[in-house]
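So the sequences go chain by chain: C and L.
Per the numbering used here, the first sequence starts with residue 1, numbered consecutively.
Per the numbering used here, the second sequence starts with residue 1, numbered consecutively.
Glycine included, C-beta positions come from ideal geometry on N, C-alpha and C.
If you're wondering where the values come from, they're calculated on a predicted model, not measured in any experiment.
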Amino acid sequence: MNVHGRIVNAREIVLSTEGLAAGYGGEDIITNLSVVVEKGSIFTIIGPNGSGKSTFIKVLAGLLPVRTGEIRLGARAITRLSAPERVAAGLAYVPQEFNVFANLTVGENLRVSTEFLERERRASPEQRERVLAMFPEVAGRLALRAGYLSGGQRQMLAFACAMMAAPTVLLLDEPSAGLSPRFAAEIFDKVKSVNAAGATVVMIEQNVNEAMRIADIVLVLVNGATRLLASPQDIMTKHDLHKLYLG
Amino acid sequence: MTAQVVLNGFVTGMVVALPAVALTLIYGILKFPNFAIGAMLTVGAYLALAFNVYLSLPVLYAAAIGAVVFAIIAVGIDQTVFRPLRERSAITLLVASMGVSFVLENIVRFIFGNGARSFELPLARPKLVFGLRINNEQIVTAAAVVVAMAAVYVLLRHTALGRAMRAVSDNAPLAAARGIDRERIVRWTWVIAGVLTAAAGVLAGMDRAIDPLLGWNYIVTVFAASILGGLGNPVGAVLGALTIGVVEETSTLVIPPNYRQVVSFCAIALLLLLRPQGLFGVQRIRR
Chain C
1 MNVHGRIVNA
11 REIVLSTEGL
21 AAGYGGEDII
31 TNLSVVVEKG
41 SIFTIIGPNG
51 SGKSTFIKVL
61 AGLLPVRTGE
71 IRLGARAITR
81 LSAPERVAAG
91 LAYVPQEFNV
101 FANLTVGENL
111 RVSTEFLERE
121 RRASPEQRER
131 VLAMFPEVAG
141 RLALRAGYLS
151 GGQRQMLAFA
161 CAMMAAPTVL
171 LLDEPSAGLS
181 PRFAAEIFDK
191 VKSVNAAGAT
201 VVMIEQNVNE
211 AMRIADIVLV
221 LVNGATRLLA
231 SPQDIMTKHD
241 LHKLYLG
Chain L
1 MTAQVVLNGF
11 VTGMVVALPA
21 VALTLIYGIL
31 KFPNFAIGAM
41 LTVGAYLALA
51 FNVYLSLPVL
61 YAAAIGAVVF
71 AIIAVGIDQT
81 VFRPLRERSA
91 ITLLVASMGV
101 SFVLENIVRF
111 IFGNGARSFE
121 LPLARPKLVF
131 GLRINNEQIV
141 TAAAVVVAMA
151 AVYVLLRHTA
161 LGRAMRAVSD
171 NAPLAAARGI
181 DRERIVRWTW
191 VIAGVLTAAA
201 GVLAGMDRAI
211 DPLLGWNYIV
221 TVFAASILGG
231 LGNPVGAVLG
241 ALTIGVVEET
251 STLVIPPNYR
261 QVVSFCAIAL
271 LLLLRPQGLF
281 GVQRIRR
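What follows is the structure in structure tokens.
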């Protein structure tokens with residue numbers, strides 16, 4: 001298969017969509033969106049406000065129904081699967097806001113992140129220890145109600161919860177939104193770490209510079225459709241983002 | 001005499017605690033105030049009555065079977081009435097619950113008539129403890145409610161189902177993203193609420209005559225208790241119920257007993273104006 005200008009083995013494709021359309025009310029926000037994500041990559045989606053980025057990620061997570069088109073996780077069609085079923089299939093989603101259970105403790109948040117999956121997908125004690133080692137900001141606060149964490153700490157907890165299931169694909173909705181530059185940089189370093197640990201990452205971001213620092217491939221989404229698909233280097237050297245955003 | 005009134009109020013509060021916790025669980029998970037809680041209490045009482053009087057089962061067994069049957073009925077009501085309206089506003093669901101209330105009350109009236117009934121209970125003299133008169137029904141009520149509340153607490157705090165219920169209550173879309181099947185949790189919530197409400201119906205039926213309007217004697221108090229404790233807070237609902245029970249009962253030292261529910265109305269009005277999260281409700285973290 002020709003993907004992003006090179007031949008890719010179908011077994012290396014971990015997530016794909018074909019002709020995807022979805023929206024709210026009477027309108028489609030994303031139209032005829034076809035995307036291929038290679039295994040082990042950090043696939044970043046950028047675009048102006050209202051371009052359909054969040055809609056796309058919610059459709060992938062199963063929180064918004066598909067109107068037309070198909071979604072595949074590997075070779076498996078997951079278009080009709082519910083959100084819990086997609087989690088069981090290996091997809092993990094970290095929302096932009098309200099991404100932890102504020103009234104449960106940090107420890108309980110971690111526990112429920114895989115407690116209701118099939119037995120083989122539940123986090124083992126070893127996996128829990130690996131995740132806690134990856135997220136020390138979370139490890140020292142297990143008895144604290146998650147709502148009392150700072151914004152950056154909550155984001156770390158949300159990541160940690162998503163990683164408890166050792167997902168195949170991690171969907172991130174603007175992970176640095178609302179965070180200080182220091183925390184944002186930490187978050188992106190964490191994204192690289194979880195990617196290095198084996199998770200393919202599909203991420204939408206407004207923080208273009210930081211996102212492109214870690215991305216392998218970038219999709220520019222405008223008005224619900226693909227405007228450009230290229231490497232970060234190509235985008236920075238050969239294209240004008242302003243022109244791409246504004247058409 | 002005051003001590004006797006306080007004791008009676010405490011026991012009344014215990015009866016109210018069960019449907020108050022049921023109401024608060026439903027509110028926490030489904031985000032609407034279930035107006036049918038009174039009618040559900042009535043149906044719970046009549047189911048136990050049917051098994052007790054017509055099948056000659058002791059009240060304890062009749063109550064247990066009645067609670068199981070009513071739990072199934074409660075799930076059935078959810079699937080047929082509330083589930084199609086799941087994504088609608090709280091007002092729509094509240095109005096639907098009013099409809100459920102009227103239907104349940106009239107089904108009971110159709111089957112059993114309007115006349116007052118009572119359980120077949122063995123006669124027993126009240127006991128005198130430290131000068132206070134305590135009857136068997138009050139002892140049974142206290143024991144049953146303590147056991148029920150302990151069970152609910154353990155379930156919510158220390159079981160997977162309880163964690164899932166608290167997660168759905170906190171953030172339903174995130175719970176779905178974590179693999180929690182919301183509809184399954186909703187069904188279990190109705191089972192638990194159904195059992196608690198049916199049990200409350202039995203305890204209420206042991207305290208007073210059973211008729212189709214039984215639940216109306218409790219509905220305002222139940223709402224007041226839940227609001228006092230903080231809607232969505234089960235521990236608060238229990239504390240609220242005990243407080244309201246004692247305050248209502250002691251108010252009869254000053255005002256005629258017929259007007260005791262004025263206390264609950266006033267409590268609801270004051271709380272909604274001044275402290276909507278309730279006296280015992282911990283401010284839920286919403287950000």
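Legend entry - Beta carbon of residue 231 (chain L) nearer than 7 Å to that of residue 2 (chain L): no
Legend entry - Selected residue, minimal CA-CA separation from residue 137 (chain C), among C:107, C:118 and C:113: C:107
Legend entry - Neighbourhood of residue 219 (chain L) by C-beta, 7 Å cutoff - its chain only, sequence neighbours within 5 removed: 37 and 38
Legend entry - Interface residues of chain L facing residue 93 (chain C) [CB-CB closer than 7 Å]: 177
Inset, instruction - For chain L, find out if any of its Cβ atoms is closer than 7 Å to the Cβ of residue 125 (chain C); answer yes or no. - result: Not one chain L Cβ lies under 7 Å of residue 125 (chain C).
Inset, instruction - Please name the residue or residues paired with residue 93 (chain C) in a DSSP beta bridge. - result: DSSP lists C:171 as partners of residue 93 (chain C).
Legend entry - Residue-chain proximity (residue 84 (chain C), chain L), Cβ-Cβ < 7 Å: Cβ-Cβ to chain L under 7 Å: yes for residue 84 (chain C).
Inset, instruction - Could you say which of L:255, L:142, L:112 and L:277 lies nearest to residue 237 (chain L) if we only look at CA atoms? - result: L:277
Legend entry - Backbone secondary structure at residue 51 (chain C) - three-state DSSP: coil
Legend entry - Stretch pair the segment 94–112 of chain C + the segment 169–178 of chain L: three plus CB contacts closer than 8 Å: yes
Inset, instruction - Look up residue 16 (chain C) in the DSSP assignment and give the residues it is bridged to. - result: C:36 and C:72
Legend entry - Those residues which DSSP pairs with residue 202 (chain C) across a bridge: C:43 and C:171
Legend entry - Partners in chain C for residue 167 (chain L), counting only beta-carbon separations shorter than 7 Å: 101, 104 and 112
Legend entry - Between the CA atoms of residue 196 (chain L) and residue 77 (chain L) - distance to the nearest angstrom: 16 Å
Inset, instruction - Mark residue 161 (chain C) as exposed unless 16 or more other C-beta atoms lie within 10 angstroms of its C-beta, in which case mark it buried. - result: buried
Legend entry - Cα-Cα separation between residue 214 (chain L) and residue 41 (chain L), rounded to whole angstroms: 8 Å
Inset, instruction - Select from L:96, L:46 and L:191 the residue whose C-alpha is nearest the C-alpha of residue 210 (chain L). - result: Ranking the options by Cα distance to residue 210 (chain L), first place goes to L:46.
Inset, instruction - Consider the Cβ of residue 98 (chain C): report whether some Cβ of chain L lies at a distance smaller than 7 Å. - result: With 7 Å as the cut-off, residue 98 (chain C) counts as an interface residue toward chain L.
Legend entry - Residue interval of the alpha helix (DSSP H) (run including residue 72 (chain L)): 59–77
Inset, instruction - May I have the straight-line CA-CA distance separating residue 233 (chain L) from residue 71 (chain L), to the nearest angstrom? - result: 21 Å
Legend entry - 7 Å Cβ cutoff met for residue 141 (chain L) and residue 15 (chain L): yes
Legend entry - Reduced DSSP category for residue 58 (chain C) - H, G, I as helix; E, B as strand; rest coil: helix
Legend entry - residue 135 (chain L) beta carbon less than 7 Å from that of residue 126 (chain L): yes
Inset, instruction - Can you grab the Cα-Cα spacing for the pair residue 80 (chain C) / residue 60 (chain L), in whole Å? - result: 47 Å
Legend entry - Per DSSP, cross-strand counterpart(s) of residue 127 (chain L): L:134
Inset, instruction - Determine the direct distance from the alpha carbon of residue 35 (chain L) to that of residue 80 (chain L), and round the result to whole angstroms. - result: 17 Å
Legend entry - Own chain, CB closer than 7 Å to residue 174 (chain C), minus 5 neighbours either side, in chain order: 96, 204, 205 and 206
Inset, instruction - Evaluate the contact criterion for the segment 256–264 of chain L versus the segment 48–62 of chain L: three or more CB pairs, one atom per stretch, below 8 Å. - result: no
Inset, instruction - Grab the span of the beta strand (DSSP E) containing residue 226 (chain C) for me, first residue to last. - result: 225–230
Inset, instruction - Step through the CB atoms of chain C and report whether any lies within less than 7 Å of the CB of residue 173 (chain L). - result: yes
Inset, instruction - Consult DSSP for residue 259 (chain L) and reduce its assignment to one of helix, strand or coil. - result: DSSP, read as helix, strand or coil, puts residue 259 (chain L) in helix.
Inset, instruction - Answer yes or no: does any C-beta atom of chain L fall closer than 7 Å to that of residue 137 (chain C)? - result: no
Inset, instruction - Spatial neighbours of residue 276 (chain C) within its chain, please: CB distance less than 6 Å, with the 5 preceding and 5 following residues excluded, ordered by chain position. - result: Nothing about residue 276 (chain C) can be read from this structure; chain C reaches only from 1 to 247.
Inset, instruction - Name, going along the chain, the residues of the segment 55–88 of chain C whose beta-carbon falls closer than 8 Å to a beta-carbon of chain L. - result: Of all residues in the segment 55–88 of chain C, 61, 62, 63, 82, 83, 84, 87 and 88 have a Cβ within less than 8 Å of some Cβ in chain L.
Inset, instruction - For residue 180 (chain L), return the contacting residues in chain C, with the cut-off set at a CB-CB distance below 8 Å. - result: Contact note: residue 180 (chain L) reaches chain C through 84, 112 and 116, using a C-beta cutoff of 8 Å and chain order.
Legend entry - chain C contact for residue 170 (chain L) (CB, 7 Å cutoff): yes
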